[in-house]
Amino acid sequence: MDKITKMLYRVRSTKYDDLVIYMYQPTDPSSLGIIRFLFGFLMLCDLPEERGGSDIDIRWGNPKDCHFPLFPVMVIPAYPWMCLIYLMMWVGATGIMLGYKFRISTLLFGIPYWYILLLDKSYWNNHSYLFGIVTILLSGSSANHYFSLDGYFEEKRKNRHVPCWNYFILKYQFFMLYFLAGLKKADMEWLEGYSMQSLGNHWIFLPFR
1 MDKITKMLYR VRSTKYDDLV IYMYQPTDPS SLGIIRFLFG FLMLCDLPEE
51 RGGSDIDIRW GNPKDCHFPL FPVMVIPAYP WMCLIYLMMW VGATGIMLGY
101 KFRISTLLFG IPYWYILLLD KSYWNNHSYL FGIVTILLSG SSANHYFSLD
151 GYFEEKRKNR HVPCWNYFIL KYQFFMLYFL AGLKKADMEW LEGYSMQSLG
201 NHWIFLPFR
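Going by the UniProt record's numbering, the sequence shown opens with residue 1, and the numbers climb by one from there.
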């Protein structure tokens, strides 16, 4: 029995060691750098559209408006403070896109982003969660090693290889997202087209009509 236990332990240990070696093997940083740049650019586009950056006064300016925060203790800040919060997101998204002070930029964007998201549940959608999660995942990665100002000012970062897990966590996140979304769309509302009736009227689908 002891021999079997030792053998199983050795197999598990070997598999774990192989997994660690795979996750930390050096990989090319270029794709991750492009992902970082595109994500920052898309967040700059998303802020005025989906996050309400172009109509802060309408969405948050009236203290008498009813909002639905996730936690009852959360209070809507005064209008000038909301403008400052959105400014932080703008600066953070720009920093992510340019790869400048990358860790600080992800915090500047991510913390107020989640704060704004949790302030009102009525604005929630799946993509809102995704953008926040991707920000967290990127904050722990080395996405500033390619096509970034950090790499330009710090030669030790420029084009330096990144560990494989930097790619793996993003791939896993998007796989789970679309896998679960595909399962959800197997219900009758999606199969019969009911869920697309209002969504199909969105301006973004104009080229496909």
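C-beta atoms are modelled at their ideal positions from N, C-alpha and C, and glycine is treated no differently. Just so we're clear, the structure is a prediction, and the values are computed from it rather than from any experiment.
Look at residue 162 here: in three-state DSSP terms it is strand. Residue 166 and residue 32 do touch by the CB rule: their CB atoms are close to 6 Å apart, below 8 Å.
Just so you know, the alpha carbons of residue 83 and residue 49 end up roughly 15 Å apart. Between residue 92 and the set 28, 66, 113, 80, the nearest pair of CA atoms involves 113.
The alpha-carbon of residue 173 is positioned some 32 Å away from that of residue 77.
In this structure, the CA atom of residue 123 is about 44 Å from the CA atom of residue 17.
Excluding residues up to 5 positions away in sequence, 37, 40, 41, 44 lie with their Cβ nearer than 7 Å to the Cβ of residue 97 in the same chain. When the alpha-carbon of residue 175 is set against those of 105, 21, 130, 121, the nearest one is in 130. Rounded to whole angstroms, the separation of the alpha carbons of residue 26 and residue 146 is 14 Å. In terms of Cβ geometry, residue 138 and residue 106 form a close pair [threshold 8 Å]. Excluding the 5 residues flanking it on each side, residue 69 has same chain C-beta neighbours closer than 6 Å at 119, in chain order. By the CB criterion at 8 Å, residue 23 and residue 153 fall outside the cutoff. Selection 170, 90, 182 evaluated against residue 133 yields 170 as nearest (Cα-Cα).
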